[in-house]
Each structure stands twice: as C-alpha cells, then as structure tokens.
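Remarks on the structure that follows.
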Amino acid sequence: MIRVKVCGTTSVHDAVLAAEAGADALGFIFAPVSKRVVTPQVAREAGLGVGPTVARVGVFLNQGLDEVLRLAEAARVGSVQLHGLLSSLYVEQVAAYYPVLRVVRPAELAAEADVWSGDPRVTLMVDAPEPGSGHALDWDALRAAFPPGAWLAGGLGPANVAQAIETLEPAGVDAVSRLETRPGVKDLAAVVAFVRAARSTVGPSYPQ
Ligand SMILES: O=C(O)c1ccccc1NCC(=O)[C@H](O)[C@H](O)COP(=O)(O)O
Numbered sequence: 001m002i003r004v005k006v007c008g009t010t011s012v013h014d015a016v017l018a019a020e021a022g023a024d025a026l027g028f029i030f031a032p033v034s035k036r037v038v039t040p041q042v043a044r045e046a047g048l049g050v051g052p053t054v055a056r057v058g059v060f061l062n063q064g065l066d067e068v069l070r071l072a073e074a075a076r077v078g079s080v081q082l083h084g085l086l087s088s089l090y091v092e093q094v095a096a097y098y099p100v101l102r103v104v105r106p107a108e109l110a111a112e113a114d115v116w117s118g119d120p121r122v123t124l125m126v127d128a129p130e131p132g133s134g135h136a137l138d139w140d141a142l143r144a145a146f147p148p149g150a151w152l153a154g155g156l157g158p159a160n161v162a163q164a165i166e167t168l169e170p171a172g173v174d175a176v177s178r179l180e181t182r183p184g185v186k187d188l189a190a191v192v193a194f195v196r197a198a199r200s201t202v203g204p205s206y207p208q
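The opening position of the sequence shown corresponds to residue 1 in full-length UniProt numbering, with each subsequent residue numbered one higher.
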C-alpha cells in the first residue's frame, strides 16, 4: 500500500489533524532556512499526540552530523530525511543511527540509486531541486529511471497525486506546500483530500 507523508508539521494541532486524516508519516523540518521550521520540543509533543502508529520524520538540509543527531534525539523522531549536497560517507554515518530518506533531484537519481541499491537503511525520495517549493516534476521523464521502493515528492497535492502514483508507482508520497493555507499551517480539507486521493490508487505493483 502506498505510504503518505505530510511534511512541514509545526504544531501539535496540525499533527493530530494529519494523523486523523490518515497520514502514515509526519515530517518535522529542522532546517533553519525553512519557513516551516519547528522546535524539537514541539515535534516531540506532536509525536506523543499522534500515538504509536504514525511515523515521525526529522527533515534536514545540509546540516552537520552532530546537529542532526542532537535534534533527532531531542524530537524523538524515528527516521530522518536528508536534503542537500551530501557525501555518501555522511549519509552512512547518519544511517548508523536512523533509517534515512535520502532526497535526490532527478539529475542525481541514477547515481544515488546505484550507491544505495539493496541497502535497507537508505530509501530514496525524488524531489524538486528546491524543497518545499511546490514545483512538480516531469513524471513521464522520470519513468525509466525511477527505482522500485523510492518515494516521490515535489508539487504533489490532492489534484495530481493519483496521477503521479499511477505514472511512477512510488512506495510513498510526500507533500507540503499544496496542503497549507500559509507556510507552516495545514489546510485540513487539502490534507484529507490528499490522503484520500493517494489511497484511491492501487499502489506499487512490485512486492514491498
Ligand atoms: O518545505 C520546506 O520548507 C523545506 C525546507 C528545507 C528542507 C526541506 C523542506 N521540505 C521538505 C519536504 O519534505 C517537502 O515535503 C518536499 O520538499 C515537497 O515539497 P512541496 O513541493 O512543497 O510539496
């Protein structure tokens, strides 16, 4: 079944709302440059508010190993999502502590898929070059290179997520800007519609 992640959660209220809408995972952004940055304390409280079945993911952009591990621990997230220009060694070091969603641009996909193929600690997520920008990718152009098990992000929302899933069969989808009334504040109707639209698809045809 397709996994659905709602990113950019900045309050306990929005975390509960997304969980009730059926999200499998919530993203908490700890990159200081983001308009959706959240404190580890709020992320931790939000995690306690949604119960044990909703995964919590700490989201980072070009941040040092110590900072990633410190914030992830303080927030009690279960996995981390790594954006940016990062060495394989760095990703390995983080993966020694947390399962990693490694975010790659379309141009980097083939090389990164080679590096991480068969490594259960690292899952690829293909996203637009600027995270959280709402820019959709050219799914048809990605079709040949999209690896089984990878996730998809980039401009996904209620109106296009089903089409994206049908085209690329990702293992999971992730979105933020099309699910907000303003940066960092969730639009309940959009979150509900996004989860519903993703679930309306049949999901990946390969074994998970
Ligand atoms: O959204 C941000 O502000 C952000 C900033 C820095 C690093 C990551 C960020 N978001 C990460 C996400 O997982 C987004 O959901 C993903 O990039 C898709 O965003 P969108 O195209 O707006 O749906």
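Backbone N, C-alpha and C fix where the C-beta goes; we use that ideal spot for every residue, glycine too.
| Query | Result |
| --- | --- |
| Run the CB neighbour count on residue 127, radius 10 Å, all protein chains shown included, and call it buried at 16 or more, exposed below. | buried |
| Considering only heavy atoms of ligand 1, does any lie closer than 7 Å to the CB of residue 211? | For residue 211 there is no data in the structure shown, the boundaries of the chain being 1 and 208. |
| Would you please verify whether the beta carbon of residue 7 is less than 8 Å from any beta carbon of chain D? | Of the protein chains in this structure there is only one, and it is not chain D. |
| What do you reckon, is the C-beta of residue 29 under 7 Å from a heavy atom of ligand 1? | yes |
| Give me, in chain order, the residues of the same chain whose beta-carbon lies closer than 8 Å to that of residue 85; leave out the 5 immediate sequence neighbours on both sides. | 62 |
| Mapping the DSSP letters down to three states, classify residue 133 as helix, strand or coil. | coil |
| Kindly examine ligand 1 and report whether one of its heavy atoms sits closer than 7 Å to the Cβ of residue 176. | yes |
| If you draw a straight line from the alpha carbon of residue 103 to that of residue 149, how long is it in whole angstroms? | 13 Å |
| Please classify residue 182: is it buried, with 16 or more other beta-carbons within 10 angstroms of its beta-carbon, or exposed? | exposed |
| Among 34, 31, 32, 56, which one has its Cα closest to the Cα of residue 43? | 56 |
| Let me know the alpha helix (DSSP H) ranges lying completely inside the segment 36-74, each 4 residues or longer, listed in chain order. | 40-50 |
| If I measure Cβ to Cβ from residue 122 and keep anything under 6 Å in the same chain, skipping five residues before and after, which residues do I get? | 95, 100, 102, 116 |
| Short check: CB of residue 2 to CB of residue 199, under 8 Å? | yes |
| Count the other CB atoms, across all protein chains shown, that sit within 10 Å of the CB of residue 81; report buried if there are 16 or more and exposed otherwise. | buried |
| Check residue 181 in the structure and name its three-state DSSP category. | strand |
| Nearest CA to the CA of residue 169: which residue from 132, 147, 23, 184? | 147 |
| Does DSSP classify residue 188 as helix, strand or coil? | helix |
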